[in-house]
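Enquirer: Be aware that the sequence shown starts at 5, since it is given in this note's numbering, and climbs by one per residue.
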Amino acid sequence: LVSSFFVSESLGEKNNGFDVLYHNMKHGQISSKELTDFIRERATIEEVYARSMTKLAKSAGNFSQLGTFAPVWDVFKTSTDKLAGCHMELVRKLQELIKEVQKYVDDQAKAHKKTKEEVASTLEAVQTIQTTAVTLHKSKENYNAKTVEQERLRKEGATQRDLEKAGVKAKKATEAYKGLVEKYAAAKLEFEQKMAETAQKFQDIEESHIVHMKNIIESYTQSVDETHVQIGEVHAEFERNMENTSVESLIQKLSESKGTGRERPGKIGAKPRKRKTFAIPGRRKDNKDTDSTFLNLCVPHAKENSFYSSSDSEDDDEPRKFRVEIKPVAPNNGTHQTRASIDQLKASIGNISLSPPTSVRQIPAASFPPKSVTPPHCNCHHWLMSGYVLTNQVRPFSPPKTLSNASPPPAAPLARAESSSSLSSSASLSASNTPTVGTSRGPSPVTLSSQDALPIAVAFTESVNAYFKGADPTKCIVKITGDMTLSFPMGIIKVFTSNPSPAVLTFKLKNTSKLEQVLPNQTLLFSDPSQSDANSKDFWFNMQALTSYLRKASEQNPAASYYNVDILKYQVSSNGIQSTPLNLAVYWKCTPSTTDLRLDYRYNPESMLCPGPLSNVQVLVPVDGGVTNMQSLPTAVWNSELNKTLWKLSDISERSDNEGSGSLRAKFELSDGPSSPSTLAVQFVSEGSTLSGVDMDLLGTGYRLSLNKKRFATGRYMAEC
C-alpha cells in the first residue's frame, strides 16, 4: 500500500492543497492523451518504414536475374519482405493499443466528472475556511487597534466619556474576534476532515491512473520486444541462408540452368563436303522465281511478338528452302471489355443516317442496328439498383460514338497539344490493377533531360447513367462513375531509366467530398489511409513500378509518342434527378389508331461545377403497332424495318432557347395498334467539365502539368412513362 502522502502534504497554511490535487487529477487526462499521440506517431513511423522495406523488397525482385549472383537477390527479397511484415505486425499491435488507450481516456474523463461532483462539499469547506481566515485576520487587527486606543486614552488622562466610548468599541471588537475564532475552529475541523477524505480519494485516483499507464507502457514495451525478437529471427535466417548459398552452389545453379549440354561435338569427317550456296543461278529453273521472290521479299511491320520465322531442314540434294510465316496475334482486349448492355445501347443509337423527313421514309436496315438491341425497359431498376460496381467506364477522350453522318470531335491530345490520339481506359467491371496503354501516331514530340520539369497530362472522364420514370422526379435513379488517367511522353522514360532515384511523382486529388468511393491502381500508387481531409486525398507513385511499366510499354510499342496509364476509378455520390445534366419526362398516349409521344427535357446546370454545353444529343425511341405515317416536331427520322425513330438535336446549354428546355413531339398513325409504351434512350457528351468537380494538383518539384482534360458522357440514359 502507498502511504497517504496527499493527506499529510495537502493541509498547507493557505489551504491550497485541494486546488493542487484537483489540477493534478486533470493533468492525468492530459498525460493519457499525450501517450496516445506518442504511440500513434510511433505506429506511423513503423508503417512508413514497413512500406519502405516493401518497396526495397520489390526493388530486389526487379534486379538483374542474369549471372551467378541472381539467386542471392531472392534471399534478399524474402528477408526484406519478412522484415516489412514484422514492422507491419507492430503497427497492428500499436493500433490495437491506441484503441485501448483511447477507451481509457474516455473512461477517465467520466471518472473525473463524477469525482468533481463528489468533492464539491470539500470545495465549499475550503472556500469557507479561506473566507473565515481572512475575516478573522481583519477582526484580530481591529481588536488590537481598539485595545491599544483604549489603553492610550487611559494613559493620557482622557475624559471619562472618551474612555467609555473607547471601552465600548474595544468590547465589541473583542466579542467579534472571539466569535470568529470559534467559527474558524469549527471551519478548520470540517476542512481537515473533508480534506483528509478528498486527499485520499485523489491519491487513489492517481494511483489507479499510474498503474493503468504503466500497464499500457508494459504492453507497448512487450509489442516492441516481440518485434525485435522477430527481426532477430529473420536476420538469423538471412545469415543461415547466406551461409548455405555457397560459391559452388551458385556456380552449379548457373551451369544447370544455362548449360548447353555435356556431349562434345563429333569429329569432323575425313572428307568434308562442300556446302552449297544460298542460290545457284541456273541450277534449277523452277527455283529461280522462288529464290528471287524471297530475295525481293519485303516483310511488313507487324505488332510486337506477332510474327515468327521458320526454315525447313537442309537437303543435301536440294537448295535450301526458306519459309517466312507472319502470324499476327489477335489484339488482347482483356482490359477493354465492355458490358454487353452498353454496347447494345450505343449500337442502338449509332450508325443511323439522318435527313429530316416530313412523313414516313424508307431507310435501309443497314443504317440501323438489329432489332435485338432495342434498349430493354424491363430491367432498368435491376441494373441501377444493383450493388456498387465501378462499371461502364467511357474511354477517356476518345471520339464518342456518333451517327454515321456526324463528324466525330477531334481526339484530345495529352502529351502535347500537337499530338493526335486519345486516352484509353479500362472498361472492366472493377478497377484494374494493370494500367492500359494509349499511344499516338508519329514521332515523339518531346525531348527531355533530367534537369527539366517533366511534363505530364491528366484526363478525368465520367459516365452518367440515369433512369427516369414518367414525370415523377423522386423515381429517378442515377449512378455516376469516373476514372483518372495520366499521360507520360516517350522522352520521360529515358530520364527515369537513366536516373536510379527519380523524383517521386506526388499529387493531390481535390474536391473529393462528392466521391463515395475511390479505387486507386494499387500496383502504382501509394496513399495514407489515415488522411482526415474529406475534400482531398494525397497519392504518390511507386516510381520503380512506374518506370518498369513504362519501359515495358515502350519496348512493346517503341513508335508511340506517349503512354497513358489508368491511375484510379471512383464513384460520385448522386442526389437523384438533381445530379442529372439533362432532366427528362416522357408521356405516351396510345389508341388503336394513333400514338402520341412527347418528351420534355430541361438542361440542369446545377449538376455541373462548371456548366458546359451538351453536344451530340440524340434520342432513340422504339414504337410498335405498325406505324404507317409519322409527324414529328422537330423533324425526326423513322425506320420502318426496325420500328424506331430518332431525333438529333443541336447543342443544349443555358444559351439555348428557353435556357435549354424544350419538347420533342411525334404522332404515329398505326395499322395494328395500340402501341406499347417503350423505353427511350438518350445520348450526349460534354467536353471541358465533370459532374463531380474533382481535380488534381501536382505536389513537390520535378514535374509540371502540361494539360488537364475533363469530359463526361452518357452511359445508359433512359426514360419511360
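Ideal Cβ placement from N, Cα and C applies to all residues, glycine included.
(1) Taking the Cβ atom as the reference point for each residue, do Gln-535 and Asp-542 lie within a distance shorter than 8 Å?
(2) Ends of the alpha helix (DSSP H) at Ile-571?
(3) Does DSSP put Arg-715 in a helix, in a strand, or in coil?
(4) Answer yes if the stretch 678-695 comes into contact with the stretch 611-631, meaning at least three C-beta pairs across the two stretches below 8 Å, and no otherwise.
(5) Please report the distance separating the alpha-carbon of Leu-25 from that of Leu-101.
(6) Out of Phe-67, Ile-43, Ala-124, which one is the CA nearest neighbour of Asp-23?
(7) Using only alpha-carbon positions, find the residue among Cys-725, Ser-253, Met-217 that is nearest to Lys-473.
(8) Could you check what DSSP says for Ala-549 in three-state terms: helix, strand or coil?
(9) Residue range of the alpha helix (DSSP H) that Ala-149 falls in?
(10) How big is the Cα-Cα spacing for Ala-177 and Asn-146?
(11) Asn-579 to Lys-483, Cα distance in whole Å?
(12) With distance defined between alpha-carbon atoms, name the residue in Gln-131, Lys-175, Ala-137 nearest to Val-152.
(13) Given a cut-off of 8 Å, decide if Tyr-108 and Ser-35 are closer than it, judged by their beta-carbon atoms.
(14) Return helix, strand or coil for Ser-534, following the three-state DSSP convention.
(15) In the DSSP assignment, find the unbroken alpha helix (DSSP H) run with Lys-198 in it and report its ends.
(16) Below 8 Å between beta carbons: does that hold for Val-468 and Tyr-721?
(17) According to DSSP, simplified to helix, strand and coil, what is Asn-579?
(18) Leaving aside the five residues before and after Glu-663 along the sequence, list all residues of the same chain whose C-beta is less than 7 Å from its C-beta, in chain order.
(19) Please report the straight-line C-alpha distance between Lys-671 and Leu-603, rounded to a whole angstrom.
(20) Quick one: any contact between the stretch 126-143 and the stretch 184-192, if contact means 3 or more CB pairs under 8 Å?
(21) Are the CB atoms of Val-590 and Ala-723 within a distance shorter than 8 Å?
(22) With DSSP as the reference, identify every bridge partner of Lys-512, one or two as the case may be.
(23) Excluding the 5 residues preceding and the 5 following Leu-702 in the sequence, name in chain order all residues of the same chain whose CB lies nearer than 6 Å to its CB.
(24) Counting Cβ pairs, one atom from each stretch, are 3 or more of them under 8 Å apart for the stretch 81-97 and the stretch 113-122?
(25) Check Pro-459 in the structure and name its three-state DSSP category.
(26) Decide if Asn-383 is buried, meaning its Cβ has at least 16 other Cβ atoms within 10 Å, or exposed.
(27) Sorted by chain position, which residues of the same chain lie with C-beta nearer than 8 Å to Thr-249's C-beta, five sequence neighbours on each side aside?
(28) Just to confirm before moving on: does the CB-CB distance between Ala-61 and Lys-81 stay below 8 Å?
(29) One question on the structure: do Val-508 and Gly-704 come within less than 8 Å of each other, judged by their Cβ atoms?
(30) Report the CB separation of Leu-668 from Trp-651 in whole angstroms; it is logged as a contact under 8 Å.
(31) Beta-carbon separation of Ser-597 and Gly-677 under 8 Å?
(32) I'd like to confirm the pairing. Which residues does DSSP put opposite Arg-4 in its beta bridges?
(33) Would you check if the distance between the CB atom of Gly-697 and the CB atom of Lys-518 is smaller than 8 Å?
(34) Take the Cβ of Thr-599 as the centre, count every other Cβ of all protein chains shown within 10 Å, and call the residue buried at 16 or more, exposed below.
(35) So who's on the other strand from Asp-487, going by DSSP bridges?
(36) Assuming Ser-680 is part of the beta strand (DSSP E), what are its boundary residues?
Expert: Reading from the atomic positions:
(1) yes
(2) No alpha helix (DSSP H) holds Ile-571; the beta strand (DSSP E) holding it covers 566-576.
(3) strand
(4) yes
(5) 29 Å
(6) Ala-124
(7) Cys-725
(8) helix
(9) 124-160
(10) 6 Å
(11) 10 Å
(12) Lys-175
(13) no
(14) coil
(15) 164-248
(16) yes
(17) coil
(18) Tyr-607
(19) 12 Å
(20) yes
(21) yes
(22) Asp-542, Asp-701
(23) Phe-511, Leu-709
(24) no
(25) strand
(26) With a pLDDT of 42 at Asn-383, under the threshold of 50, the modelled position of that residue is not reliable, and no figure is offered here.
(27) Pro-75, Val-76, Val-79
(28) yes
(29) yes
(30) 5 Å
(31) yes
(32) This structure leaves residue 4 out entirely; the chain is present only between 5 and 725.
(33) yes
(34) buried
(35) Thr-465, Lys-573
(36) First-last for Ser-680: undefined, no H or E at that position.
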